[in-house]
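In our numbering, the protein residues as written are 254 to 391.
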């Protein structure tokens, strides 16, 4: 990876982190059922992401402890790379609204969606492969 690409990744990660951090500070102790303003909706989107991220983390930990050391290291690396991709990809989406009040919601919603995909897709693949293996027809 060349120096310019590293700088772009670094700046994107920093700006995404600042955006994420500012949402987090505002999101504490807020009831999303009463969200009316864009700031409140942004807070709720962040809370939704937090919930899904915690679910993924629990699944990850349950799976991680069952692996041998080498596989644990591989999983840690894969998860780290995926998180970097997720964060940068979502920052790219949110940057379309840079400077606007929608940017935090777009960022958090994207993080939530990608986290849900990461959580659900392996489960779906397993079920589909099982169905194909037993020869179930629709």
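Where a beta carbon is used, it is the ideal one built from N, C-alpha and C, also for glycine.
What did DSSP end up calling residue i once you bin it into helix, strand or coil?
i	result
residue 290	coil
residue 354	coil
residue 360	helix
residue 321	coil
residue 284	coil
residue 349	coil
Kindly indicate if chain B contains any beta-carbon less than 8 angstroms away from that of residue i.
i	result
residue 314	Of the protein chains in the structure, only one exists, and it is not chain B.
If residue i and residue j are in contact, beta carbons under 8 angstroms, what's the gap, nearest whole angstrom?
i	j	result
residue 312	residue 358	Not really, about 25 angstroms apart at Cβ, beyond 8 angstroms.
residue 354	residue 291	4 angstroms
By alpha-carbon positions, which one of the options ends up nearest to residue i?
i	options	result
residue 304	373, 368 and 292	368
residue 373	287, 310 and 348	310
Stretch pair the region 293-301 + the region 361-373: three plus CB contacts closer than 8 angstroms: Under the three-pair Cβ rule at 8 angstroms, the region 293-301 counts as touching the region 361-373.
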